[in-house]
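What follows is a single structure, written as structure tokens, with notes after it.
Number of protein chains: 2
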Amino acid sequence: MADRATLTRRGLLVGIGAAGGAGAMYAAMGALGLAPAEQDKAFTPPRPGDFTLKGRGAASVVVLGAGVAGLTAAYELGKAGYDCTVLEASGRTGGRNLTLRGGDRLTELNGPAQDVRFGDGVYFNAGPGRIAPWMVTMDYCRELGIPIETFVNTNAAAYVHTNGRTVRNKTARADMYGYIAELLAKATHQGSLDRRLTKDDRERLLEFLRRFGDLGPRLAYEGSERRGFTTYPGMGGGTEIAGPAGLHDVLAAGVGRAITNDFGYDQATPMFQPVGGMDAIVARLTEAVGRDRIRTGARVTSITDLEHGVTVAWEGGELTADFCVATLPPHVLAKISHNFGQKVTTALKTPVPVAAGKIGLEYGRRWWELEDRIYGGVTETDLDITHIWYPSYDYHAQRGLLVGYYNSDEAAQLYGALTPEDRRHRALTQGKKIHGEKYRSELLSSVSIAWERQPHLQGGWVRWPSFDSSFTLLQRPSGRVYFAGDWLTHLVAWQAGAMESARSAVTQLHQRAARSA
Amino acid sequence: MADRATLTRRGLLVGIGAAGGAGAMYAAMGALGLAPAEQDKAFTPPRPGDFTLKGRGAASVVVLGAGVAGLTAAYELGKAGYDCTVLEASGRTGGRNLTLRGGDRLTELNGPAQDVRFGDGVYFNAGPGRIAPWMVTMDYCRELGIPIETFVNTNAAAYVHTNGRTVRNKTARADMYGYIAELLAKATHQGSLDRRLTKDDRERLLEFLRRFGDLGPRLAYEGSERRGFTTYPGMGGGTEIAGPAGLHDVLAAGVGRAITNDFGYDQATPMFQPVGGMDAIVARLTEAVGRDRIRTGARVTSITDLEHGVTVAWEGGELTADFCVATLPPHVLAKISHNFGQKVTTALKTPVPVAAGKIGLEYGRRWWELEDRIYGGVTETDLDITHIWYPSYDYHAQRGLLVGYYNSDEAAQLYGALTPEDRRHRALTQGKKIHGEKYRSELLSSVSIAWERQPHLQGGWVRWPSFDSSFTLLQRPSGRVYFAGDWLTHLVAWQAGAMESARSAVTQLHQRAARSA
């Protein structure tokens, strides 16, 4: 539970403690046409009144998996008084929403366990780490009273490391934009675009290009203070970073991905994170569902869809409920004994699990802030570590934690196959190319995760060969079994996908239950 | 004073309570070549040992003005035991670093006073509002134990309002980049740039342009999911915002400034702010200097530079100190009786005061988060309000405060000449063009500031016609009088300028005092 004092200081946070307050207000806003302009998907959470008016109690639901999809489903169903039981194979709730802290122990399939030795206040979001503002995840943070803060996803002062060369992001951007502007200005000037551009167009384009590329009076790119300084302006005008290199070298540097990373609708600035660790979402959802409704260590062994209910068996127990919401990864679910029929089984086997890995590197000194003036953000590389993330929290504290790699597919498989020691060694060797010897010598501790080696998950996320009929088939129930998970949405690998999918399953289930009530 | 519990939770924050700890460590780092790579200006704070080794007490210094420059100078001098007295004309410390809260009262020259009626937790940074990570302001936040958080300076979801049309920043950017990429790709394809580009260059350029503009297979811009959605992807693929308009209309929209705003070295993402209000810097500096050393309500009437000291008189008192650090705005200082000589007086009259204004608009509902999904950031306009800032703190709280205009020069003069009621009315009329009727109807309260009408300041900042010999003349002492302030640096209008300048004055003064001791 979030600190009450903090909440009070933050004013009347919507939805805290007031049963139905935020959810009901939000639903009412939707009805009034006031819901977020960009997020106008209809979702009306089930309400107790939906049943009691009809003189029948709510149905029972067995939810398979206590990840974000399972918890969200149980939370929304619980609002209407459904009798939910959540079965979770592992010893904890949250699924891939996993925040590691000192004292935690991380186990892997066919690998040694890692004891996490981070200092007080240091945490590592081993799974999801950022939230886009349009995502429904933000609505749950608001509704559940989870304080959020900015996740710096783009940092002009972070580095770009490509083809063995390291430059600041802002330097790479200024040079690329400068030369693009110059080339287009010249082409415009030469009249080769006359068929496309009127005289007014040309003037406006040139005005924009001057600004966009910081071009000189003769429409040439001659460097720019945007590239950064070795000594910033102060009493004097400062000393700009030497350069730029010529057009050929700038093009050859291959910085394209790095400087366009935040253009995507899912990666645009700003992004957000819960204060204190992503698992605040898990903690609050778990509490809202009720710990007594969640049975951990319950690995499901069979699912039988019957005419009037669903029977689920696990190692050591069995129960029959009116409905089932199955939120396990499709490749795991497909292997559990079931009677969904061949089409559903084939559909469950269609998405391909993707390997994904991360390493948390704890340092006793935030040298990236002190020496590199990097406060949060991401260094993009063409190395197998792909990214280095700098922490967007506890700025200026003593210790801090970098994400030393966050990769997927082949690169993740490569790291995942190594021992934790060898992963760390490889990650440090790569990061040292950017940050120098301190990257290795000042390390305090580390922990790495290979999601494809996590029990009951066996993958970071899935990839659909195409969003075909298998995908849409599973968005509908198989008898009394509803499927949910990020893997059933166009937001694969995002918590928002898990939540949207849970809402969809809940809505379909509730409409059916209310109809038959 | 910052909350001790907070500080403890944040770990061993550098410099808290440990006299000389951070400063000394930092200076030592500099000596070892470990100082920030981008911020390697030599600054060694004066230390008590500098005097006691020579058997003489520290000199006395009278500091004129308790703004950021004056407080920084007194703070650094105080580290070495200088006997400082700070004279401040107004009733408070901070100068233009001003954070307004409920219960405050704001007075203006020749205008009515405004009573601030904001609710608990709502604040308005009426002066400086953001800090770039390379700025020395960050070092003072670290050294003084002031918690910082991200100031969202660029938000892809915020709006651009130009020529009467409102679009999301991301939409404006996607369209402009898309067409630029298309035009350059076509020019490249047509061979009109053959003289500049080798075959390899061309291929790399095209690869970049495809990514940069999200071009289609035929190198044409046909819209992009980067533009945003009316319904974001979830169970379905989402519905993209209609468009784009044609090349001519996109060029005519004039969004250039808005989408290149964060390219500058002083505006690049990320930026930062102290938690709880910018005046945390004032509060901690004031405390570190010692309230007993600061005399408020002391409007200086004459400054006399003597052979062995400086005599300063104010309404109701007079003192003579070994040295003086004068941090008043140059146009204010020039009008005070003094004996600096004609060259210095002329130099002080050279920079031109600039009008600047802001209005804080308090709402009872954070509709920009709930409905527009705008969490922090800036909407850029070609209206006289120039910008609208959304708050980068207390996300999801009940109330919130927008900056409804932040303008300078002619636009600021226009607003500054109005009554507070008329300023609000005009600001609401403009903002309504972007946000609709709620912008006006849901307002709770407001307060506006016209810096050119603030007593003892009479301007937002200054503009130097050129950084000429007058500028450099004032960077050196006039007899025993040292000048300081953002106006003496290339960081005019930034607190970092005030701090850099204070450090320069302190260094020069201390070298002289230590030499003569």
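These protein sequences, in sequence, are chains A and B. Here the UniProt record's numbering is used: the first residue of the first sequence is 1, the next is one more, and so on. Here the UniProt record's numbering is used: the first residue of the second sequence is 1, the next is one more, and so on. Backbone N, C-alpha and C define an ideal beta-carbon position, used for all residues, glycine too.
Review point. Any beta-carbon of chain A closer than 7 angstroms to the one on G23(B)?
Key: In this prediction, G23(B) scores a pLDDT of 34, lower than 50, which makes its location untrustworthy; the coordinate-derived value is nonetheless stated afterwards. Judged by the 7 angstroms Cβ criterion, G23(B) is not in contact with chain A.
Review point. At what residues does the beta strand (DSSP E) containing W367(A) begin and finish?
Key: Looking at the DSSP string, W367(A) is not in any beta strand (DSSP E); the run it does join, the alpha helix (DSSP H), is 367-370.
Practice item. Could you say if the stretch 336-345 of chain A and the stretch 127-146 of chain A meet the contact criterion of at least three C-beta pairs nearer than 8 angstroms? Key: no
Check your understanding: In three-state DSSP terms, what is M499(A)?
Key -> helix
Practice item. Leaving aside the five residues before and after V152(B) along the sequence, list all residues of the same chain whose C-beta is less than 6 angstroms from its C-beta, in chain order. Key: G376, G377, S392
Check your understanding: Beta-carbon of T154(B) versus every beta-carbon of chain E: anything under 7 angstroms?
Key -> In the structure shown, chain E cannot be found, because the protein chains are A and B.
Check your understanding: Considering only residues of the same chain and omitting the five flanking positions on each side of R426(A), which have a CB-CB separation below 6 angstroms?
Key -> Within the same chain, R426(A) has no close Cβ partners at all.
Practice item. Anything in the stretch 217-234 of chain A with a Cβ closer than 9 angstroms to a Cβ of chain B? List those residues in chain order, please. Key: S224, E225, R226, R227, G228, F229, T230, T231, Y232, P233, G234
**Study point:** Beta bridge counterpart(s) of Q114(A) as assigned by DSSP
**Key:** Its beta-bridge partners are L106(A).
**Study point:** Short CB-CB distance (under 7 angstroms) between P270(B) and chain A
**Key:** yes
Exercise for review: Report the three-state DSSP secondary structure of L34(B) (helix, strand or coil).
Suggested key: Here L34(B) scores only 33 on pLDDT, less than 50, and its place in the model should not be relied on; the value that follows carries that caveat. Three-state DSSP puts L34(B) in coil, outside helix and strand.
Practice item. Hey, could you find the ends of the alpha helix (DSSP H) G70(A) is sitting in? Key: 68-79
Check your understanding: Can you tell me whether H338(A) is buried or exposed, with buried defined as 16 or more other CB within 10 angstroms of its CB?
Key -> Per the 10 Å Cβ criterion, buried.
Point to revise | Among E76(B), A514(B), G360(B), T137(B), the one whose alpha carbon lies nearest that of A444(B) | key: Sequence check: residue 444(B) is Leu here, not Ala. Closest option to L444(B), Cα to Cα, is G360(B).
Point to revise | Contact residues within the stretch 245-271 of chain B, judged by C-beta distance below 8 angstroms to chain A | key: L247, H248, L251, A252, G254, G256, R257, T260, D262, F263, G264, Y265, A268, T269, P270
**Study point:** Classification of S478(B) by the beta-carbon crowding that lies within 10 angstroms, buried from 16 upward
**Key:** buried
Review point. When the Cα of G485(B) is compared with those of A502(B), T311(B), Y75(B), S470(B), which residue comes out closest?
Key: A502(B)
Check your understanding: In chain B, which residues lie less than 9 angstroms from L144(A) when you measure between Cβ atoms?
Key -> The premise fails here: L144(A) is roughly 10 angstroms from chain B at the closest Cβ pair, so nothing lies under 9 angstroms.
Practice item. Could you give the DSSP three-state label for Q508(B): helix, strand or coil? Key: helix
Practice item. List the residues of chain B whose Cβ lies closer than 8 angstroms to the Cβ of T198(A), in chain order. Key: Chain order gives the chain B residues near T198(A) as H248, where near means a beta carbon separation below 8 angstroms.
Check your understanding: According to DSSP, what are the bridge partners of H161(A)?
Key -> T166(A), T381(A)
Exercise for review: Determine, using beta carbons only, whether R47(A) and I146(A) come nearer to each other than 7 angstroms.
Suggested key: no
Exercise for review: Drop a sphere of 10 angstroms on the beta-carbon of Q511(B), count the other beta-carbons inside from all chains shown, and report buried for 16 or more, exposed for fewer.
Suggested key: Burial call: exposed.
Check your understanding: D201(A) versus chain B: which residues are under 9 angstroms apart at the beta carbon?
Key -> L247, H248, L251, A252
Check your understanding: Checking contacts by CB at 7 angstroms: is residue 519(B) closer than that to chain A?
Key -> Nothing can be reported for residue 519(B): it is not among the residues displayed for chain B, which extend from 1 to 517.
Review point. Residues of chain B with CB under 9 angstroms from W134(A), in chain order?
Key: A157, G228, F229, Y232, R373
**Study point:** Pair within 7 angstroms by beta-carbon distance, S469(A) and M235(B)
**Key:** no
Point to revise | Simplified DSSP state of A334(B), which is helix, strand or coil | key: coil
Review point. Which residues, taken in chain order from the stretch 481-493 of chain B, show a beta carbon closer than 8 angstroms to some beta carbon of chain A?
Key: L488, T489, H490, L491
**Study point:** Continuous beta strand (DSSP E) stretch holding K358(A): start and end
**Key:** Its beta strand (DSSP E) spans residues 356-363.
Practice item. Check N339(B) in the structure and name its three-state DSSP category. Key: coil
Practice item. Write down the C-beta distance between A59(A) and D322(A) rounded to the nearest angstrom, noting that I regard them as a contact closer than 8 angstroms. Key: 4 angstroms
Check your understanding: Counting Cβ pairs closer than 8 angstroms, one from the stretch 210-229 of chain A and one from the stretch 171-189 of chain A, do we hit at least three?
Key -> yes
Practice item. Would you kindly work out how many angstroms separate the C-alpha atoms of Q454(A) and V354(A), rounded to a whole number? Key: Take the alpha-carbon of Q454(A) and the one of V354(A): they are about 12 angstroms apart.
Exercise for review: Answer yes or no: does any C-beta atom of chain A fall closer than 7 angstroms to that of residue 577(B)?
Suggested key: Since the displayed chain B opens at 1 and closes at 517, residue 577(B) lies outside it and no answer follows.
Practice item. Counting only the same chain and skipping the five closest in sequence on each side, list residues whose C-beta sits under 8 angstroms from that of T6(A). Key: Unreliable positioning characterises T6(A) in this predicted model, as indicated by a pLDDT of 35, which lies under 50. A coordinate reading is not provided.
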